[in-house]
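In the working numbering, the protein residues as written are 3 to 229. Report on the structure given below.
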Ligand code: ATM
């Protein structure tokens with residue numbers, strides 16, 4: 003990871019230093035829920051004032067959209083509608099919660115963000131990453147996460163874990179090929195922007211994954227605070 007300055011990623015400079023924006027990503031079954039708690043604790047240990055949130059969701063409207071998007075027994079959605087609803091929830095999330103938090107100096111830890119749209123809609127559902135890039139630019143302008151932690155595992159392993167967890171949602175019913183495509187896009191994006199991404203092998207024993215996540219967060223905090 004390279005040096006950060008504390009100018010807002012939206013191109014404007016704020017009087018006070020803004021907080022950092024950290025996102026956790028990965029396909030189903032990589033242990034994201036457990037590792038969100040590990041990352042949260044690492045940020046609290048670093049005495050960061052923190053907003054923890056998730057996508058789709060994070061606001062009242064966003065959580066309502068989440069129900070529409072994830073309910074496997076709900077009304078069918080076209081791929082375009084699904085993608086636009088993801089970004090509608092994101093637009094509201096940015097407006098109501100993420101940008102205000104960053105601008106007042108809080109740190110934001112988010113369970114999924116736009117990388118999930120690249121992975122799931124762009125690659126999994128094969129909408130194409132170019133379409134996602136257009137929406138990203140429109141909804142986020144220049145704002146990008148400062149750190150994206152990708153929990154990575156072979157879909158064969160991850161999906162076995164996910165299925166043992168109980169009832170599945172609309173995405174968890176997808177094919178192995180879908181998750182291979184999604185995983186590849188996560189890895190491609192990490193490779194294209196190594197300064198903002200950290201890939202952690204989620205097939206390691208749980209304790210080792212947790213240690214890697216905590217160390218990645220602590221390293222990022224140190225670097226951010228030094229810059
Ligand atoms: P979680 O299960 O990690 O809370 O995520 C909800 C689902 O939303 C997830 N799939 N499953 N199960 C991935 C999906 N999703 C997208 O398809 N596109 C997006 O942009 C986001 C944020 C999530």
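Glycine residues also receive a C-beta, built at the ideal position from the N, C-alpha and C atoms. As the structure is a computational prediction, the values presented were derived from the model and not from experiment.
In three-state DSSP terms, what is residue 61?
Residue 61 sits at position 59 when you count from the first residue of the chain shown. Coil at residue 61, not helix or strand.
Is the beta carbon of residue 122 closer than 8 Å to that of residue 184?
Here residue 184 corresponds to residue number 182 of the chain shown, with the count starting at 1. Here residue 122 corresponds to residue number 120 of the chain shown, with the count starting at 1. In this structure, residue 122 lies closer than 8 Å to residue 184 by Cβ.
So what's residue 155 in DSSP terms, helix, strand or just coil?
Taking the first residue of the chain shown as 1, we reach residue 155 at position 153. If DSSP states are grouped into helix, strand and coil, residue 155 belongs with coil.
With a threshold of 7 Å (Cβ to nearest heavy atom), would residue 56 be considered close to the ligand ATM?
In the chain shown, residue 56 corresponds to position 54, counting from 1. Yes, Cβ of residue 56 sits closer than 7 Å to a heavy atom of the ligand ATM.
Helix, strand or coil for residue 209, going by three-state DSSP, please let me know.
Mapped onto the chain shown, residue 209 falls at position 207. In this structure, residue 209 counts as helix in the three-state DSSP scheme.
Once you ignore the five residues that flank residue 70 on each side, which residues in its own chain have a CB closer than 7 Å to its CB?
Residue numbering aside, residue 70 sits at position 68 when the chain shown is read from its first letter. For residue 70, where only same-chain residues beyond five positions count, the Cβ hits under 7 Å are 76 and 87.
Note down, one range per segment and in chain order, each alpha helix (DSSP H) of at least 4 residues found wholly within the segment 30-106.
Within the segment 30-106, the complete alpha helix (DSSP H) runs of at least 4 residues are 34-47, 62-72, 81-95 and 101-105.
May I ask you to report which of helix, strand or coil DSSP gives residue 200?
Indexing the chain shown from 1 puts residue 200 at position 198. If DSSP states are grouped into helix, strand and coil, residue 200 belongs with the strands.
Since residue 172 and residue 72 should fall inside the 8 Å C-beta cutoff, what is the C-beta to C-beta distance between them, to a whole number of angstroms?
On the chain shown, residue 172 is found 170 positions in, with the first residue counted as 1. On the chain shown, residue 72 is found 70 positions in, with the first residue counted as 1. The pair is a contact, with the Cβ atoms about 5 Å apart (cut-off 8 Å).
On a Cα-Cα basis, can you pick out the residue from 186, 144 and 111 that is closest to residue 2?
Nothing about residue 2 can be read from this structure; the chain reaches only from 3 to 229.
Quick one: is residue 65 buried, meaning 16 or more other Cβ sit within 10 Å of its Cβ, or exposed?
Taking the chain shown and counting its residues from 1, one reaches residue 65 at position 63. Exposed, since its Cβ has fewer than 16 Cβ neighbours within 10 Å.
Let me know the secondary structure DSSP gives residue 170 once reduced to three states.
To locate residue 170, count along the chain shown from 1; it is residue 168. Residue state, collapsed to three classes: coil.
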